[in-house]
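Number of protein chains: 2
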Amino acid sequence: MRFVLACAATETAQIEGISAAGATRTLMAHTPPADAELIEYGEPTLAPVVPVSPDGCPTPAIVTRAVRECTDFPLLVVDAGLAAQTGAPTVDLGDRPGGDIRNRDPVPNAVAIYDRGVELGESLPDDHLVIGETIPGGTTTALGVLTALGEPHATSSSLPENPQSLKERVVEEGLTASNLAPGDCAEYPLEAVRQMGDPMLAAVSGIAVGALSRGARVTLAGGTQQIAAAALVRHQGIEAPLELATTSFVANDPSSDVQGAAADLGLTFTVTDPGFDDQEHVATEHYCAGVAKEGAGMGGALAVAVERDVSMAAIREQLVECYDRLVGANGA
Amino acid sequence: MRFVLACAATETAQIEGISAAGATRTLMAHTPPADAELIEYGEPTLAPVVPVSPDGCPTPAIVTRAVRECTDFPLLVVDAGLAAQTGAPTVDLGDRPGGDIRNRDPVPNAVAIYDRGVELGESLPDDHLVIGETIPGGTTTALGVLTALGEPHATSSSLPENPQSLKERVVEEGLTASNLAPGDCAEYPLEAVRQMGDPMLAAVSGIAVGALSRGARVTLAGGTQQIAAAALVRHQGIEAPLELATTSFVANDPSSDVQGAAADLGLTFTVTDPGFDDQEHVATEHYCAGVAKEGAGMGGALAVAVERDVSMAAIREQLVECYDRLVGANGA
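Going down the list, the protein sequences come from chains S and V.
Be aware that the first sequence starts at 29, since it is given in the numbering used here, and climbs by one per residue.
Be aware that the second sequence starts at 29, since it is given in the numbering used here, and climbs by one per residue.
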C-alpha cells in the first residue's frame, strides 16, 4: 500500500464564506503545503504555519500523520498545482493553482494533469493506492464538477454550517460563465474539471484510472470531494471496483449523503469512526462539533489503521502526541 | 536519520570517455532519475532503464536500495537540475542541468540552488542527514571545483581506468574559458561551482551548511565528489564537524587519495567494505574489478547499515534479491 496525497489550490476558496481551511488568504495558500510537510516529516518545515481553522480546529493532516506514525505507510505527495512552496518532496503533475470557477476555463491544463496522473498511477509498483487530497475550497469545485457531470449529489463542508446555497450560487455563476447547463459534461469528464473543477480532481481521477488499468486496488480517501473524483472515473467509462473511505464526521453530515452517492457510483464504502467522543482534547473536540470533518486522506488513513489492526485508542493517543508536539500541550 | 539523494545532470558527462554511468546520451540522462526511483520504489517507474554500465555493472543505487530494504531509512530526493523526468517525489532546488564546464558559466543558477539548499537543510527536522548524490560526469566537475578552490586533490572515477589526463585537460579548458587560474575561487566557493562545477555540488554543499547551522550531524555519502562538496563547505568558513562515508572501492583506488583529502579537510572518515569478494554474482563482481566504486550514497548507506548492526552478509543477500528482481536472475 502507498498513501498518495494530492495537493492543489483553487482561487474559488477565496470567496468569502466558502472554506474553513485557513482564516486568511495567506493561511489558505500554505495549508496544503503544510499538510504535506506534516504527513511527510511530522511538522511543517518550509511552510510558515500549522494549519488550524479560525476557531482552533487542527488540520486533519495531523490525524493522517498519527496513523502514519503508528503504521509507517509509505507516502507520495503529488503537487497538482500549489499556490505556495512545500518542503515535502513531490511529483509535480501541474504547474499552477486552479482559477475561480465563476470565470471561464479555471483549469486550462486539466487534460495535461490528468494524463500525467494516469502515467503516474500506471507506473507505481504498489498493489494498493490510498489517495487523499488537500485543497481549500474543494467541496465547492467538487459540487461544480458533479453538477456539470449531471450527478445529483450535494457536497459536504469543512464548516459546521454547510454554506450550501452560497456554493450553489457559485456553481450557477460558473456554469453561466462557461456556457454550460447541468449534465452537459456527462460524456466529457475532463471538460467538467477544466470548466468547473480544480487541479486536484484532475490529478486524483488520473492517478486512480492509471492504477486501476493495471489491476491495482484503489481507495479514494475523503468525503464528497472524492465522490466527485469517483464520478470522474466512472464517467471515463471505468467500471473497475473502486473504494471510498471516509470519516464518520462526513458520513453523519446531514447536509450531504456520501453513502448514497457512493452506492450510486458503485463504490465500496468504508466509514471509520475514530472515537473522538471518548476524548477530551482540543485536537478532537472540534471534529465532534462538525468542523473540518475530513481531509488530507484522514478517513482513508483511519481505514488503513483498522486493516492493520491498530486500535483507534492507539491512534487517538498518537494524535494527542502529534498535536501537543506541534501546537503545544493543552492547545496553547 | 534521513537519507538525502541529490540528483542532477551536467553536459560535461557527454565528453567521450568521461563517465561509466550510462553508455549513451539517453542512458546518461535517465541514470539519476532511475537511481532515485530505484531507491524510492525498489524499481524504475517512469525512467525507461535500469542503469547498468556498458560492461554490465549495475548502478550503486541498487546497493543503497538494498540497505534501505534492510533498515527502512526515510528518503528525500532532491532535484538540483535533472535532464529527464523522475517518478520519485522530489524537492526541486534547480530547474536545469549544468552545462559543459569547458564553456563559460555552466551553472548560472549556482547561488540560487545553494540558497534553497541551505533553507532546506535548516528546515528539516532530522538530527542526522546522510547526503548522497547521483550525477554522471560528476568526478570531472568535482576536479574542476577542487582546482578552482586550490585544493590539490585528485578525483576518483566510475571507470576502472581513471581517465585522469582527459579530466585534467577538460578542467584546464574550463579554467581558460572562465578566465580563472587554479585557486582563484578559494574565497568564492559558489563562483567555483558556477564556473567549474555542477548543480549537485551547489545543492549538497547548501543542504550540508543549512543542517550544520542548526547543529545537525551531517554525513556526506560518496567519494571524491563529496570531497569537493566538503571543500565547498569548508571554503564557506564552516568549521563544524563533518563526516565522509565512502566504500572500500573508492578508498582503495590508487588514482586518488580520498582519505588524505578527508584528513586535510578535517572530516571524520568512514570506509565500509561490503565484502563483495566473498560473493560470486554479477551484481558484485564488477565492483571488485573497480567499476562504479561508489555513487547514489552507497558508502553512506553501508555505514548506516553498520551503525544499525545490520551485517554486510544480510546486505549482500538483499542486494542479490534486488538485482535479480530488477535485471533477472543470473544477470540476464
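Every residue gets a Cβ at the ideal spot worked out from N, C-alpha and C, and that includes glycine.
Original post:
Can you tell which of V:Ala138, V:Leu240, V:Glu147 has the C-alpha that lies nearest to the C-alpha of alanine 108 of chain V?
Top reply: V:Ala138
Original post:
Which bits of chain V does glutamate 147 of chain S rub up against, with CB to CB less than 8 Å?
Top reply: Leu74
Original post:
Contact between the stretch 151-167 of chain V and the stretch 238-257 of chain V: three or more CB pairs below 8 Å?
Top reply: yes
**OP:** Assuming proline 153 of chain S contacts threonine 73 of chain V (C-beta within less than 8 Å), just tell me the rounded distance between them.
**Re:** Contact between proline 153 of chain S and threonine 73 of chain V holds: their C-beta atoms lie close to 7 Å from each other, under 8 Å.
Subject >> Validate contact between the stretch 211-230 of chain V and the stretch 169-187 of chain V using beta carbons, cut 8 Å, 3 pairs >> reply: yes
Original post:
In chain V, what lies closer than 9 Å to threonine 118 of chain S by C-beta?
Top reply: Pro117, Thr118, Val119, Asp120
Subject >> Same chain, Cβ closer than 8 Å to isoleucine 343 of chain S, neighbours up to 5 away in sequence not counted >> reply: For isoleucine 343 of chain S, same chain residues with a beta-carbon under 8 Å away, outside a window of 5 residues either side, are Val91, Ala94, Val95, Cys98, Pro302, Leu330, Ala333 in chain order.
Original post:
Measuring CA to CA, which of S:Ala140, S:Tyr351, S:Ala62, S:Ser81 is closest to leucine 110 of chain S?
Top reply: S:Ala62
Original post:
Taking one C-beta from the stretch 135-149 of chain S and one from the stretch 309-323 of chain S each time, how about it: are there three or more such pairs within less than 8 Å?
Top reply: no
Original post:
Do you know offhand how far aspartate 120 of chain S's Cα is from valine 106 of chain S's?
Top reply: Distance between the alpha carbons of aspartate 120 of chain S and valine 106 of chain S: 6 Å.
Original post:
In chain order, what residues of the same chain lie with their CB nearer than 6 Å to the CB of glycine 318 of chain V, ignoring the 5 residues before and after it?
Top reply: Pro188
**OP:** Could you say which of S:Pro269, S:Arg262, S:Thr247, S:Glu313 lies nearest to valine 299 of chain S if we only look at CA atoms?
**Re:** S:Thr247
**OP:** Grab me the residues of glycine 45 of chain S's own chain with a C-beta within less than 7 Å of its C-beta, minus the 5 sequence neighbours each way, in chain order.
**Re:** Pro191, Leu194
Original post:
Looking only at DSSP bridge pairs, what is aspartate 120 of chain V linked to?
Top reply: V:Asp107
Original post:
Fully enclosed by the stretch 207-263 of chain V, which alpha helix (DSSP H) runs are 4 residues long or longer?
Top reply: Taking only runs of at least 4 residues, the alpha helix (DSSP H) segments lying wholly in the stretch 207-263 of chain V are 217-224, 227-241, 252-263.
Original post:
Taking the C-alpha atoms as reference points, what is the distance between valine 355 of chain S and tyrosine 69 of chain S?
Top reply: Roughly 15 Å separates the two Cα atoms.
Original post:
Is threonine 252 of chain V buried or exposed, if buried means 16 or more other CB atoms sit within 10 Å of its CB?
Top reply: buried
**OP:** Give the residues of chain V in contact with tyrosine 315 of chain S, contact being defined as C-beta atoms less than 7 Å apart.
**Re:** Within 7 Å Cβ-Cβ: nothing; tyrosine 315 of chain S doesn't reach chain V, min ~26 Å.
**OP:** Have a look at arginine 197 of chain S and glycine 243 of chain S and give me their C-alpha separation to the nearest angstrom.
**Re:** 40 Å
**OP:** State yes or no: is the beta carbon of glycine 109 of chain S nearer than 8 Å to at least one beta carbon in chain V?
**Re:** So no, glycine 109 of chain S is outside the interface.
Subject >> Backbone CA spacing between valine 314 of chain V and glutamine 264 of chain V [nearest angstrom] >> reply: According to the sequence as given, residue 314 of chain V is histidine; it is not valine. Roughly 37 Å between the two C-alpha positions.
**OP:** Starting from the C-beta of alanine 112 of chain S, find all residues in its chain whose C-beta is less than 6 Å away, skip the five residues before and the five after it, and write them out in chain order.
**Re:** Ala57, His58, Pro61
Original post:
What is the DSSP secondary structure of leucine 381 of chain S, counted as helix, strand or coil?
Top reply: Residue 381 of chain S lies beyond the range of chain S shown here (29 to 360); nothing can be said about it.
Subject >> Separation of serine 283 of chain S from arginine 30 of chain V, as counted between CA atoms >> reply: 44 Å
Original post:
From the beta carbon of glutamate 349 of chain V, is the nearest beta carbon of chain S less than 8 Å away?
Top reply: Not an interface residue.
Subject >> Length of the line joining the Cα atoms of leucine 103 of chain S and glycine 160 of chain S >> reply: 11 Å
**OP:** Please list the partners that leucine 248 of chain S has in chain V, where partner means a Cβ-to-Cβ separation under 9 Å.
**Re:** Correct list: empty, because the minimum Cβ distance to chain V is about 20 Å.
Original post:
For chain S, is any of its Cβ atoms less than 8 Å away from the one on proline 227 of chain V?
Top reply: Output row for proline 227 of chain V: interface = no.
Subject >> alanine 41 of chain V - DSSP class collapsed to helix/strand/coil >> reply: helix
**OP:** Might you give, ordered along the chain, the residues of its own chain that have their beta carbon closer than 7 Å to the beta carbon of valine 348 of chain V, omitting 5 neighbours on each side?
**Re:** His309, Ala311
Subject >> Cβ-Cβ distance between glutamate 322 of chain V and valine 261 of chain V below 8 Å >> reply: no
Original post:
Name the chain C residues whose beta carbon is nearer than 7 Å to that of glutamate 71 of chain S?
Top reply: Here chain C cannot be found, since the structure's protein chains are S and V.
**OP:** Using three-state DSSP, classify leucine 187 of chain S as helix, strand or coil.
**Re:** coil
**OP:** Decide if alanine 360 of chain S is buried, meaning its Cβ has at least 16 other Cβ atoms within 10 Å, or exposed.
**Re:** Interpretation of alanine 360 of chain S is limited by its pLDDT of 41, a score under 50 that renders its predicted location unreliable; no figure is taken from the coordinates.
**OP:** Could you tell me whether the Cβ of valine 78 of chain S comes closer than 8 Å to any Cβ of chain V?
**Re:** no
**OP:** State the DSSP-derived secondary structure class of glycine 84 of chain V, mapped to helix, strand or coil.
**Re:** coil
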